[in-house]
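Worksheet: one structure, shown below.
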Amino acid sequence: MTEYEVVIGLETHIQLNTKTKIFCGCKADSWKAPPNSNICPVCSGLPGVLPVLNKAVVEKGAILAAAMHADIRLISYFDRKNYFYPDLPKGYQITQYDQALGSGGYFEIPMPEGYVRRVRIHKLHLEEDAGKTKNDQGRRLIDFNRCGVPLVEMVTEPDLRSADEAAQYLIRLRQLLRWLGVSEADMEKGHLRCDANVSIRVKGSKKLNTKTEIKNVNSIDAVRNAIASEIERQIKEVNAGRQVQAWTLDWDDETGKMWMMRSKETEADYRYFREPDLLPLQLDEAWVKDLIADLPELPLERRERFVREYGLPIYDADILTGDLPLSTYYESAVQGSPRDPKTVSNWIINDVLRILKDLGISADDLNLTPQYLAAIIKLIDENKINTATGKGLLMKVQETEKAPAQIVEAEGLGLVSDVAAIRAAIQAVIAENPGEVKSFRDGKETLLGWFLGQVMRKTGGKADPKLTRQILVELLRG
Ligand SMILES: [Zn+2]
2 MTEYEVVIGL
12 ETHIQLNTKT
22 KIFCGCKADS
32 WKAPPNSNIC
42 PVCSGLPGVL
52 PVLNKAVVEK
62 GAILAAAMHA
72 DIRLISYFDR
82 KNYFYPDLPK
92 GYQITQYDQA
102 LGSGGYFEIP
112 MPEGYVRRVR
122 IHKLHLEEDA
132 GKTKNDQGRR
142 LIDFNRCGVP
152 LVEMVTEPDL
162 RSADEAAQYL
172 IRLRQLLRWL
182 GVSEADMEKG
192 HLRCDANVSI
202 RVKGSKKLNT
212 KTEIKNVNSI
222 DAVRNAIASE
232 IERQIKEVNA
242 GRQVQAWTLD
252 WDDETGKMWM
262 MRSKETEADY
272 RYFREPDLLP
282 LQLDEAWVKD
292 LIADLPELPL
302 ERRERFVREY
312 GLPIYDADIL
322 TGDLPLSTYY
332 ESAVQGSPRD
342 PKTVSNWIIN
352 DVLRILKDLG
362 ISADDLNLTP
372 QYLAAIIKLI
382 DENKINTATG
392 KGLLMKVQET
402 EKAPAQIVEA
412 EGLGLVSDVA
422 AIRAAIQAVI
432 AENPGEVKSF
442 RDGKETLLGW
452 FLGQVMRKTG
462 GKADPKLTRQ
472 ILVELLRG
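So for the sequence shown, the numbering used here puts the first residue at 2; every next one is plus one.
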């Protein structure tokens with residue numbers, strides 16, 4: 002049986018989170034806004050208007066290009082891509098064709114199996130989004146709100162080798178976009194959309210065979226399922242002696258089926274030419290240098306550093322670098338804590354993350370600051386409170402915004418380490434249980450645990466356990 006290798010390239014459309022659209026002052030985010038409420042003559046394509054490029058779009062696009070290690074062109078151009086579709090009122094889309102903002106670069110994807118897939122980036126370009134249409138009782142309705150929303154289209158080389166790798170690419174890209182603060186990257190809201198080019202070849206061959214393009218896959222699971230199903234279909238075709246046709250396919254998530262949309266347009270169909278209403282986009286070299294120098298430590302770099310610097314397992318480092326605020330939170334807590342970095346990691350992964358999830362907030366919105374978390378760990382470490390009290394304090398600090406020590410003081414949660422008080426409690430327990438005392442003295446030393454429990458009950462669990470055990474042994478042995 003012939004063994005096949007899968008060849009996948011992805012084209013992602015990334016909605017940048019600027020305040021306004023790419024060529025006009027309309028609000029860019031129209032989530033939940035009524036149809037056609039964020040539009041103006043520019044983005045709805047009325048005659049005689051002129052586009053004005055939004056600087057924030059260029060900045061965010063350049064940050065993404067820098068994070069992809071791409072070359073940022075100091076002079077790039079906008080072009081018109083001509084096609085006729087009801088959601089495109091101008092009859093063309095302003096995009097960047099042959100001289101785009103970014104070219105080359107790569108994105109490294111660590112796979113759960115342990116290897117790293119390096120995906121080369123072919124190009125990144127800026128463009129405007131089109132509107133939306135929807136069918137409503139036999140009528141076609143058009144909403145222009147999305148016209149002119151800024152996008153980066155990022156195209157990879159065909160370097161991905163499985164549906165799982167494609168899914169991981171999107172997971173890591175989403176993480177990076179949020180980390181950089183350039184996009185909300187919410188796939189459900191269409192901030193991150195993906196088209197996949199899929200082909201197969203005999204294993205070991207270097208040839209690129211005819212590919213199909215899967216359009217409009219809008220969740221990570223859908224990308225994985227659509228690609229897996231297309232790979233299976235292509236292998237069946239080839240095994241049956243047929244050729245794979247260059248189709249454009251539409252994935253239907255509900256049925257798990259693919260539909261043929263149309264035979265693919267070729268680039269010549271779009272009649273690209275330079276956008277005459279916009280000047281070339283010219284970047285200052287020093288500005289680009291500063292932008293690259295100011296790039297934050299990227300998530301996967303930070304993940305590696307957490308392993309190296311704090312001796313964390315990769316599992317912990319991966320969770321703690323899930324988003325930027327959480328990773329900053331962790332580092333601040335480690336700095337303030339007397340305990341090792343792994344203990345702090347356990348507290349965050351086991352307890353703080355649950356609070357974040359329950360409240361639906363991000364780590365930088367917590368009243369339970371990293372300093373307070375470190376203070377709670379310190380109180381336990383110094384035997385001032387027990388672990389159960391410490392865990393209870395997390396939510397109390399979050400709700401009251403008070404310092405942990407203040408709550409311990411006010412609510413009397415501290416461990417009793419007053420020797421006289423502990424001694425008195427032990428003496429009371431001894432006096433109340435003469436039978437058990439006799440058994441202990443006759444050699445049944447396993448009763449020590451039982452006595453310890455009695456003293457704890459008497460003190461409401463707040464007696465310092467180490468000290469209690471010490472005094473208990475002393476008094477029982479008489
Ligand atoms: Zn507008």
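Glycine residues also receive a C-beta, built at the ideal position from the N, C-alpha and C atoms. No experiment lies behind these values; they were computed from the predicted model shown.
Close-in-space but distant-in-sequence residues of the same chain around residue i (CB under 6 Å, 5 per side omitted)
i	result
GLU12	VAL156, ASP196
LEU325	TRP180
GLY105	ALA71, ASP72
ALA164	ARG225, ILE228, ALA229
ALA168	ILE221, VAL224, ARG225
LYS397	ILE408
GLN455	VAL430
THR401	none
GLU238	VAL245
ARG272	ASN83
Residue range of the unbroken alpha helix (DSSP H) whose run includes residue i
i	result
GLU231	221-240
THR469	466-477
ALA290	Before going further, note that residue 290 is Lys rather than Ala in the sequence given. LYS290 -> alpha helix (DSSP H) spans 286-294.
VAL308	300-311
THR329	325-337
GLY454	449-459
Start-to-end residues for the beta strand (DSSP E) that takes in residue i
i	result
TYR84	No beta strand (DSSP E) holds TYR84; DSSP gives it neither H nor E.
GLN94	93-96
ILE143	140-144
ASP352	Per DSSP, ASP352 belongs to no beta strand (DSSP E) and is neither H nor E.
VAL218	213-218
ASP317	Unbroken run through ASP317 is the alpha helix (DSSP H), 315-321; no beta strand (DSSP E).
Where residue i sits in the DSSP three-state scheme
i	result
GLU383	coil
THR388	helix
PRO111	strand
MET2	coil
LEU414	coil
GLU185	coil
SER77	strand
ALA197	strand
ARG275	strand
LYS22	coil
VAL482	Absent from the structure is residue 482, since the part of the chain shown begins at 2 and ends at 479.
VAL409	helix
MET58	Just to set this straight, residue 58 is Val in the shown sequence, not Met. DSSP places VAL58 in helix when its eight states are reduced to three.
VAL43	coil
VAL430	helix
GLU363	It should be noted that the sequence gives Ser, not Glu, for residue 363. Three-state result, SER363: coil.
PRO297	coil
GLY191	coil
GLY49	coil
LEU357	helix
THR344	helix
Paired residues, beta bridge with residue i - DSSP
i	result
MET262	Paired residue(s): none; MET262 is not in a bridge.
GLU154	HIS14, HIS126
SER104	ASP72, LYS124
LEU161	ILE9
LYS496	Residue 496 lies beyond the residue range present for the chain, which begins at 2 and ends at 479; the question has no answer from this structure.
VAL203	TYR5
LYS135	LEU142
LEU65	In the DSSP output, where bridge partners are listed per residue, LEU65 has none listed.
GLN283	ILE76
LYS28	THR21
ARG118	ILE110
Residues near residue i by beta carbon distance below 8 Å, same chain, minus five either side
i	result
ILE472	VAL420, ILE423, ARG424, ILE427
VAL308	PRO314, ILE315, ALA318
LYS216	ASP196, THR249, LEU250, ASP251, TRP252, MET262
ALA63	ILE73, LEU102, GLY103, LEU284, VAL289, LEU292
PHE85	GLY92
LEU1	Any answer about residue 1 is impossible in this case: the structure gives the chain only from 2 up to 479.
ALA364	ASP324, PRO326, LEU327, THR329, TYR330, VAL353, LEU357
Residues near residue i by beta carbon distance below 7 Å, same chain, minus five either side
i	result
LEU448	GLU437, SER440, PHE441
VAL183	LEU17, ASN18, LYS61, ILE64, LEU65
GLN399	ILE356, LEU367, ASN368, LEU369
ARG340	ILE378, ASP382
ILE236	TYR5, ILE201
Problem set entry | Pocket of ligand 1 defined by Cβ to heavy atom distance under 6 Å | LYS22, CYS25, CYS27, ILE40, CYS41, VAL43, CYS44, GLY149
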